[in-house]
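Note sheet for the following structure.
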Amino acid sequence: MSERERTFVMVKPDGVKRGLIGEIVSRFEERGLKLVAGKFIEIPRDLAEEHYGEHEDKPFFEGLVDFITSGPVFAMVWEGGDATRQVRHMVGETDPAESPAGTIRGDLGLDLGRNVIHASDHEDPGSNEREIELFFDEAELIDYERPDEALLY
Ligand code: RTP
Ligand code: MG
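Residue numbering for the sequence shown follows UniProt numbering, beginning at 1 and increasing consecutively.
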């Protein structure tokens, strides 16, 4: 039994344009995580800069913000036991070339920039809550029961 937790995930513009939203959502559903919120949006530049604020001094920052604002993203909140760590495990490494087969980036990612998905960082405690708040209002987080609830946490 692990603690119930919510984590933030988004399919990046490359994943949306390649038609990978369904594939990515399916992986989390099949794993037994519960979808709590989701929306299809174009991220305003100031939100993108805030979201990736931890990287503002890095040389790739401007390019990263350009990329994440280059097209629509599908933003989601998923819930489950130890969800942030679990999701990052499923996502793989930052660079798809270093991500094992079976991970989302290992199976679907193209390169360091076009790595199809963002997920909150389990090594940065609180990043999940911070990112959820950045993208969603409280009223957009939907509470409901799944019949297999007992397996989720
Ligand atoms: P994300 O935040 O997008 O889920 O990715 P991540 O945690 O795996 O990696 P992070 O270190 O947070 O970096 C954010 C995104 O910046 C791009 N990046 N480029 N050296 C580089 O050129 C470089 N390093 C990172 C990647 O697209 C990464 O997903
Ligand atoms: Mg990150």
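All C-beta atoms, glycine included, are put in the ideal place defined by N, C-alpha and C.
Would you say residue i touches the ligand RTP, meaning its beta carbon is less than 7 Å from a heavy atom?
| i | result |
| --- | --- |
| Thr94 | yes |
| Gly22 | no |
| His89 | no |
| Gly81 | no |
| Asp106 | Just to set this straight, residue 106 is Gly in the shown sequence, not Asp. No, the beta carbon of Gly106 sits no closer than 7 Å to any heavy atom of the ligand RTP. |
Out of the options, state which residue places its alpha-carbon closest to the alpha-carbon of residue i.
| i | options | result |
| --- | --- | --- |
| Pro13 | Arg6, Arg4, Ala48 | Ala48 |
| Lys39 | Asp107, His118, Ala75, Ser70 | Ala75 |
| Leu134 | Arg4, Met10, Ser2, Glu3 | Met10 |
| Phe28 | Lys58, Lys17, Gly80, Glu42 | Gly80 |
| Asn115 | Gly126, Val73, Arg130 | Val73 |
| Ser70 | Val16, Gly109, Glu93 | Val16 |
| Asp66 | Glu129, Gly113, Glu149, Gly32 | Gly113 |
| Glu149 | Val25, Lys58, Lys34, His118 | Lys34 |
Measuring only from the beta carbon, is residue i closer than 7 Å to any heavy atom that is part of the ligand MG?
| i | result |
| --- | --- |
| Asp121 | yes |
Please state the DSSP three-state secondary structure of residue i.
| i | result |
| --- | --- |
| Ala75 | strand |
| Phe8 | strand |
| Val116 | coil |
Ordered along the chain, which non-local residues of its own chain (more than five positions away) have a Cβ less than 8 Å from that of residue i?
| i | result |
| --- | --- |
| Leu141 | Arg6, Val36, Ala37, Val77, Ile132 |
| Asp82 | Ser2, Glu3, Glu5 |
Can you name, in chain order, every residue of its own chain whose Cβ lies under 7 Å from the Cβ of residue i, other than the five neighbours on each side?
| i | result |
| --- | --- |
| Asp107 | Ala101 |
At least three beta-carbon pairs within less than 8 Å, the stretch 73-92 to the stretch 119-128
yes
Below 8 Å, can you find three or more Cβ-Cβ pairs linking the stretch 92-101 to the stretch 56-76?
no
Quick check: the stretch 49-56 against the stretch 11-27, are there 3 or more CB pairs under 8 Å?
no
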